[in-house]
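Heads up: the protein sequence lines correspond to chains H and P, in order. Counted the way the working numbering counts, the first sequence spans residues 1 to 234. Counted the way the working numbering counts, the second sequence spans residues 1001 to 1215. Ideal placement from N, C-alpha and C gives every residue a C-beta, glycine not left out. Bear in mind that the values here come from a model prediction, so they are computed numbers and not experimental data. What follows is a set of notes on a single structure, which appears directly below.
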Amino acid sequence: MPTTRRDVLSAGLAAAGAAVTPSLAHAQSHDHDHDHDHQDVPSDPALRAKALESLMVAKGLVDPAALDALIDTYEHKVGPHIGGSVVGRAWKDPAFKRRLLTNGTAALAELGYGQHDLTVVENTPKVHNLVVCTLCSCYPWTLLGLPPVWYKSAAYRSRSVIDPRGVLREFGLNLPDDVEVRVWDSTADLRYLVLPERPAGTEALSEAALAALVTRDAMTGVAKVTLPPKGTHA
Amino acid sequence: MNGAHDMGGMQDMGPIELEKNAPIFHAEWEKRVFALFNSTDVKWPYRRTQIELIPPAEYLRMSYYEKWLAALPLVLTKSGMATAAEIESGKVQGGVNTKWRVVKAAEVATWILPVSTTSDKVTAPTQLHVGQRVRAKNINPVGHTRLPRYARGKLGTIERDGGIEELQDTDIQGLGPKQQHVYTVRFAARELWGDQASPRDSVYADLWEGYLESA
Chain H
1 MPTTRRDVLS AGLAAAGAAV TPSLAHAQSH DHDHDHDHQD VPSDPALRAK
51 ALESLMVAKG LVDPAALDAL IDTYEHKVGP HIGGSVVGRA WKDPAFKRRL
101 LTNGTAALAE LGYGQHDLTV VENTPKVHNL VVCTLCSCYP WTLLGLPPVW
151 YKSAAYRSRS VIDPRGVLRE FGLNLPDDVE VRVWDSTADL RYLVLPERPA
201 GTEALSEAAL AALVTRDAMT GVAKVTLPPK GTHA
Chain P
1001 MNGAHDMGGM QDMGPIELEK NAPIFHAEWE KRVFALFNST DVKWPYRRTQ
1051 IELIPPAEYL RMSYYEKWLA ALPLVLTKSG MATAAEIESG KVQGGVNTKW
1101 RVVKAAEVAT WILPVSTTSD KVTAPTQLHV GQRVRAKNIN PVGHTRLPRY
1151 ARGKLGTIER DGGIEELQDT DIQGLGPKQQ HVYTVRFAAR ELWGDQASPR
1201 DSVYADLWEG YLESA
């Protein structure tokens, strides 16, 4: 099994990799003029994805119905509304909040959802938590859905650990010097959710109304939860 | 591997680009690649390893799902699910699958249901404990590892025992048994980045015991 980049370039691209990186594979194997016929490998990602899917279906490696179910689940069923409902409950129910902070996975199960090895970290007036995955893009999919492009970007992954306050400023959040910033790098199978601060003036709100205030960004730690301006509806 | 993926602490990647009302997927093909990649009968560390083998210039240029699309043929060929010739031709040559587990539609719904927190019967001895000062080992394996470069050689404190997980490294020599404790280790920001960092701040990383030595 190739384990180095050199191996991948020579073995992977030349053999398997025509579909991996056509330009590179092509440059290696076709160092001459193109005045002959040969089968062009589709370079368009849509065509390559279609070709791979057709092959995997034909080989019985995937069930097309399962592919559709996967897309439907992560496009329509899970998302920040689930994380929001967890936060809403925690704000309303101190005993649930304690259980959530002690064992996130077990507390989440009470609400009917699953997330392996979930750790919930609480923001306070003196502590601000920020979640990142520097090595790839680990993220609590069940609670927040699939991560946004910025969470997966090189800019966010690289700078969150070395300059979290600068990163937060880019999101419009200026933290005072006396606030402690804790950055959680998801380097193993543990997943993190930020329990944001409950905004003032929400004492009368129902659990559902509270949940509706909570954003994905707040549960990742790049924003605070705020009340909508007066005269608008949450 | 000290690859382009291990980017914690790099500074020249530009501003964070925020997108208003971003869709979950930006193209139909991203949905298909998402579903295909998640349906392959290999574990996530294996998939991540293939992504990390994308040459660095390509890795940095590609979007997230372009990386998955690039890694998928590697997952298929290196695991033996399909041959390079099949991927190149798009035609089944080596017979249909009888060996690999196929995800069924009904099963997908269960992926987001509650998971048991009491069925973990695996045990593993440990030499470390919460509150202990530790140093992350200075290792530079060429294979897959989950010890980020910025933490290597640095002093930290064990904040929490995250339980026992399977070590994901491909070069496991000197790192101990396959099943071992994962500890959440707090590193002071100044230990990692020097005086430019706030004295109040810290970075927490989840590290297998094999990455750590008592200090």
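Taking DSSP as the reference, what is the three-state secondary structure of residue i?
i, result
"P:His1026", "coil"
"H:Glu197", "coil"
"H:Tyr192", "strand"
"P:His1129", "coil"
"H:His116", "coil"
"P:Trp1208", "strand"
"H:Trp184", "strand"
"H:Ala154", "helix"
"H:Phe171", "coil"
"P:Ala1136", "strand"
"P:Ser1202", "strand"
"H:Gly84", "helix"
"P:Ala1188", "strand"
"P:Ile1164", "strand"
"P:Ile1000", "The shown model of chain P, from 1001 to 1215, leaves out residue 1000 of chain P, and the question about it has no answer."
"P:Ser1214", "strand"
"H:Asn123", "coil"
"P:Asn1038", "helix"
"H:Tyr139", "coil"
"P:Gln1093", "coil"
"P:His1144", "coil"
"H:His76", "helix"
"H:Leu130", "strand"
"P:Val1182", "strand"
"H:Val214", "coil"
"H:Pro64", "helix"
"P:Ala1084", "helix"
"P:Trp1068", "helix"
"P:Gly1009", "coil"
"H:Ala107", "helix"
Rounded C-beta distance between residue i and residue j? I'm assuming under 8 Å.
i, j, result
"H:Tyr151", "H:Tyr139", "6 Å"
"P:Thr1077", "P:Gln1093", "About 13 Å; that fails the 8 Å criterion."
"H:Asp241", "H:Val161", "As shown, chain H starts at 1 and ends at 234. That puts residue 241 of chain H outside it, with no answer to give."
"H:Thr226", "H:Pro199", "6 Å"
"H:Leu168", "H:Val127", "Contact doesn't hold; Cβ gap of about 13 Å is too wide."
"H:Gly83", "H:Val214", "7 Å"
"P:Ala1027", "H:Ala69", "So it is not a contact: roughly 20 Å between Cβ atoms."
"P:Asp1169", "P:Trp1100", "Not really, about 24 Å apart at Cβ, beyond 8 Å."
"H:His116", "H:Thr105", "6 Å"
With a threshold of 16 other CB atoms inside 10 Å of the CB of residue i, please say whether the residue is buried or exposed.
i, result
"P:Asp1206", "buried"
"P:Pro1199", "exposed"
"H:Asn129", "buried"
"H:Ala218", "buried"
"P:Trp1044", "exposed"
"H:Leu108", "buried"
"H:Pro64", "exposed"
"P:Asp1195", "exposed"
"H:Asn174", "exposed"
"H:Thr119", "buried"
"H:Thr102", "exposed"
"P:Gln1180", "buried"
"P:Lys1020", "exposed"
"P:Thr1145", "buried"
"H:Glu203", "exposed"
"P:Val1096", "exposed"
"P:Lys1091", "exposed"
"H:Pro45", "buried"
"P:Ala1057", "exposed"
"P:Lys1067", "buried"
Is it true that the CB of residue j sits closer than 9 Å to the CB of residue i?
i, j, result
"H:Leu111", "H:Leu193", "no"
"H:Ile171", "P:Ile1016", "The question names Ile, but residue 171 of chain H is Phe in the sequence shown. Yes, the Cβ-Cβ distance between H:Phe171 and P:Ile1016 is below 9 Å."
"P:Phe1037", "P:Leu1072", "yes"
"P:Leu1231", "P:Val1203", "No answer is possible for residue 1231 of chain P: it lies beyond the span of chain P, which begins at 1001 and ends at 1215."
"P:Met1013", "H:Arg159", "yes"
"P:Pro1114", "P:Met1001", "no"
"P:Ile1024", "H:Leu205", "no"
"P:Arg1135", "P:Gly1163", "no"
"H:Ala211", "H:His76", "no"
"H:Thr187", "P:Val1108", "no"
"H:Gly114", "P:Ile1139", "no"
"H:Thr134", "P:Asp1201", "no"
"P:Gly1008", "P:Tyr1150", "yes"
"P:His1152", "P:Lys1137", "The amino acid occupying residue 1152 of chain P in the given sequence is Arg; His does not appear at that position. Against a cut-off of 9 Å, the Cβ pair of P:Lys1137 and P:Arg1152 comes out as a contact."
"H:Met56", "P:Ser1039", "yes"
Handout entry: Contact set between the segment 1090-1115 of chain P and chain A, restricted to residues whose Cβ is under 9 Å from the partner
Key = Considering every chain present, this structure includes no chain A. Its protein chains are H and P.
Exercise for the section: May I ask you to verify whether the segment 42-53 of chain H touches the segment 1028-1043 of chain P, counting CB pairs closer than 8 Å and requiring at least 3? Expected result: Pairwise C-beta distances place the segment 42-53 of chain H in contact with the segment 1028-1043 of chain P, as three or more of them are shorter than 8 Å.
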